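Below: the structure, in structure tokens.
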Amino acid sequence: MRTSRLRTVHPVLWAGWAALAAGAVLCVVGWYGVSGERYAERQLPYLASCTIPGAALIIAGAVLLARGRESIAARRVEELYGLLVEEGPAGPEETGRAVRAPLAVSGDLLMVPGGTLWHRADCPLVAGKAEAVPVDSKLVASGELDPCPICEPAEETD
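Position in the sequence shown (from 1) plus 80 gives the number in my numbering.
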């Protein structure tokens, strides 16, 4: 479940966009100045003062944007990892060792037409789906359907 939270300001991203904008403006001013001068010796000041620094700002802005997005992605991955490994309250059923039990325990087996897996009837992937139909044992025996990795149905079918 996703919680609502305020969007945080990312100064690195803003600095990147500002550098890109300033670089673009400098390049346009440099181009305009160069295009208005006939002689090369009069064009050099525009190149030195506008176009070259503008190109450098565009490169710096691109680097800042890439680096800022990378840090945002890293923070999100760390947050998701924290949610993934977060321990819940210790209950009496915990014995200290991890035992993975299937999510579903029903004996009825279902499949979705066109799907590649067969499921227990109470598997979260097929529970409540009107299009789910009973499993054809011929499909399971031929190997066309694989057991669901979530509900782990038994290999034998009726």
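C-beta: ideal position from N, C-alpha, C; glycine also.
Note that the structure is a prediction, hence the values are computed from the model and not measured.
Notebook entry, point to check: Residue range of the beta strand (DSSP E) that SER190 falls in?
Noted result: The sequence as given places Leu at residue 190; Ser does not occur at that position. Start and end: 189-191.
Note to self: Within the continuous alpha helix (DSSP H) that includes LEU163, where are the two ends?
What the structure shows: 132-165
Notebook entry, point to check: Going by beta carbon distance, what residues of the same chain come within less than 7 Å of PRO182, once the five residues before and after it are set aside?
Noted result: Low confidence applies here, because PRO182 scores a pLDDT of 48, under 50, leaving its location unreliable and the question unanswered by this model.
Item checked: Whole-Å CB distance - LEU127 paired with ALA99, under 8 Å assumed -> Wrong, their Cβ atoms sit about 20 Å apart, outside the cutoff.
Margin query: If distances are taken between C-alpha atoms only, which option among PRO227, ALA142, VAL157, LEU205 comes closest to TRP94?
Written below: ALA142
Item checked: Simplified DSSP assignment, three categories, for VAL213 -> strand
Notebook entry, point to check: ILE139 and ALA104: beta carbons closer than 9 Å?
Noted result: no
Note to self: Any beta carbon of chain D sitting closer than 9 Å to that of ARG200?
What the structure shows: Among the chains in the structure shown there is no chain D, since it carries only a single protein chain.
Margin query: Taking a contact to mean a Cβ-Cβ separation below 9 Å, would you say MET191 touches ALA212 in this structure?
Written below: yes
Next item on the list: Specify the secondary structure class of LEU197 as computed by DSSP and reduced to three states.
Entry: strand
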